[in-house]
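Accompanying notes for the structure given below.
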Amino acid sequence: MNHKILVIDDDSGIREFLRETLSKLGYRVFCAQSGEEAVETATRNTPDLAICDVVMPNMDGLETLNRLKKLNTDIPVIMISGVSTHEMLINAINQGALDFISKPFSLIQIKQVIKQALNQRANKPADGRSPMTHLMREGYLTLLSMVNTMLEIKNSYLRNHSQKVAEHSHRIAMAMKLPDEQVEVIHYAALLHDIGKVGVNDAVLLKPGKLDEYEWLDIKSHPLIGRSMIEPIKLFRAEEPLIYHHHEWFDGTGYPDKLGDEKIPLGARIISIADAYDAMTSERPYRKAMVPKTALKIIEESCGKQFDPKIGKTFISIVKE
Numbered sequence: 485m486n487h488k489i490l491v492i493d494d495d496s497g498i499r500e501f502l503r504e505t506l507s508k509l510g511y512r513v514f515c516a517q518s519g520e521e522a523v524e525t526a527t528r529n530t531p532d533l534a535i536c537d538v539v540m541p542n543m544d545g546l547e548t549l550n551r552l553k554k555l556n557t558d559i560p561v562i563m564i565s566g567v568s569t570h571e572m573l574i575n576a577i578n579q580g581a582l583d584f585i586s587k588p589f590s591l592i593q594i595k596q597v598i599k600q601a602l603n604q605r606a607n608k609p610a611d612g613r614s615p616m617t618h619l620m621r622e623g624y625l626t627l628l629s630m631v632n633t634m635l636e637i638k639n640s641y642l643r644n645h646s647q648k649v650a651e652h653s654h655r656i657a658m659a660m661k662l663p664d665e666q667v668e669v670i671h672y673a674a675l676l677h678d679i680g681k682v683g684v685n686d687a688v689l690l691k692p693g694k695l696d697e698y699e700w701l702d703i704k705s706h707p708l709i710g711r712s713m714i715e716p717i718k719l720f721r722a723e724e725p726l727i728y729h730h731h732e733w734f735d736g737t738g739y740p741d742k743l744g745d746e747k748i749p750l751g752a753r754i755i756s757i758a759d760a761y762d763a764m765t766s767e768r769p770y771r772k773a774m775v776p777k778t779a780l781k782i783i784e785e786s787c788g789k790q791f792d793p794k795i796g797k798t799f800i801s802i803v804k805e
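Under my numbering, the first residue of the sequence shown is numbered 485, with each subsequent residue one higher.
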């Protein structure tokens with residue numbers, strides 16, 4: 485059976501992306517550019533699932549959700565938004581949303597959530613996390629991302645760093661053909677890998693010269709601080725060791741625990757390379773940005789010492805392509 489999916493978004497780019505992507509996955513896709521059009525479409529042809537933007541003119545996403553649920557309470561509705569807040573998440577849950585995905589979203593997220601939603605509707609056990617768990621993870625991620633935003637405001641050189649590290653890490657994980665669930669964990673951990681820097685002295689982070697012994701100890705504390713921030717949130721247990729170990733070196737000389745080779749979690753080894761590359765190709769208080777060619781050469785020369793050789797080779801190939 486080809487499930488029918490209704491995509492509702494006033495952004496034509498998002499609509500066409502989802503139409504093309506979901507059609508390739510075998511779904512029958514209907515699109516609406518407004519809440520009013522979505523209700524009309526759903527009245528004529530009841531969808532098996534709806535994906536609805538929150539922020540739209542006239543009838544917003546929450547009102548559209550409400551109207552769709554009045555038509556058929558069994559329609560699973562996934563909300564998407566680029567400006568999600570905790571209040572918005574709670575309102576969506578209260579009005580019957582099955583899940584909530586923040587923009588920019590990945591194809592993996594969309595595939596997982598749709599599969600879980602349709603499995604749940606068919607009363608089949610969903611593999612991986614339940615939609616509600618995913619919704620809660622997105623909510624916590626939104627709140628934790630505010631900490632990253634604070635860091636970026638205070639330290640301009642960190643602007644977009646976590647997002648770029650997440651994008652590089654995601655590409656590496658995909659190229660390595662890791663399972664979707666593992667790719668998502670790596671992506672989330674990369675987004676949060678530097679969250680512990682909120683506990684590091686700003687004077688150390690912004691110092692233009694060489695750090696002394698005590699300043700290095702301050703810098704080296706950020707994985708531990710990051711882990712202590714994530715640890716109480718049980719929904720991020722899989723991400724926690726990746727955040728904690730992303731500064732370990734393949735030869736065992738890194739920190740915080742001097743782990744080596746495959747004793748370092750795979751995701752942490754991936755994030756380590758993505759983190760180093762973005763740091764090298766971005767301006768820092770103590771040096772100018774390197775050109776990508778120079779950064780790639782350093783990564784290549786550091787494989788077997790700082791970086792996992794196989795992952796390093798994969799990343800170099802991705803960037804060159």
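Where is the CB? At the ideal position from N, CA and C, for every residue including glycine. The structure displayed is predicted, hence computed values, not measured ones.
The residue among Asn486, Ala526, Phe791 with its C-alpha nearest the C-alpha of glycine 510 is Asn486. Within its own chain, the residues whose Cβ lies closer than 6 Å to the Cβ of glycine 738, once the five positions on either side in sequence are excluded, are His731, Glu732, listed in chain order. Approximately 13 Å separates the beta-carbon atoms of cysteine 536 and isoleucine 598; this is outside 8 Å, ruling out the contact.
Under the three-state reduction of DSSP output, leucine 533 falls in the strand class.
Sixteen is the threshold: when 16 or more other Cβ atoms of the shown chains lie within 10 Å of the Cβ of threonine 548, as they do, the residue is buried.
Aspartate 686 and isoleucine 709 have their C-alpha atoms spaced approximately 15 Å apart.
Residue pairing for serine 712: DSSP places it in no beta bridge. Residue state for valine 631 is assigned as helix, using DSSP reduced to three classes. Looking at the DSSP output, isoleucine 492 shares a beta bridge with Ala516, Cys536. When rounded, the separation of the alpha-carbon atoms in proline 663 and glycine 693 is 42 Å. With distances taken between CA atoms, aspartate 735 lies nearest to Gly744 out of Ile727, Gly744, Ser518, Tyr728.
A contact between stretches requires three or more CB pairs, one per stretch, nearer than 8 Å, and the region 704-719 fails this requirement with the region 638-657.
By the neighbour-count definition (other C-beta atoms within 10 Å, threshold 16), methionine 630 is an exposed residue. Under the DSSP assignment, aspartate 762 falls in the alpha helix (DSSP H) whose first and last residues are 750-764. Rounded to whole angstroms, the gap between the alpha carbons of alanine 752 and aspartate 696 is 26 Å. Counting along the chain, no alpha helix (DSSP H) covers aspartate 583; the unbroken beta strand (DSSP E) around it starts and ends at 583-586. The three-state reading of DSSP puts valine 775 in coil, since its state is none of H, G, I, E or B.
In the DSSP annotation of this structure, the continuous segment of the alpha helix (DSSP H) that includes isoleucine 800 starts and ends at 793-804.
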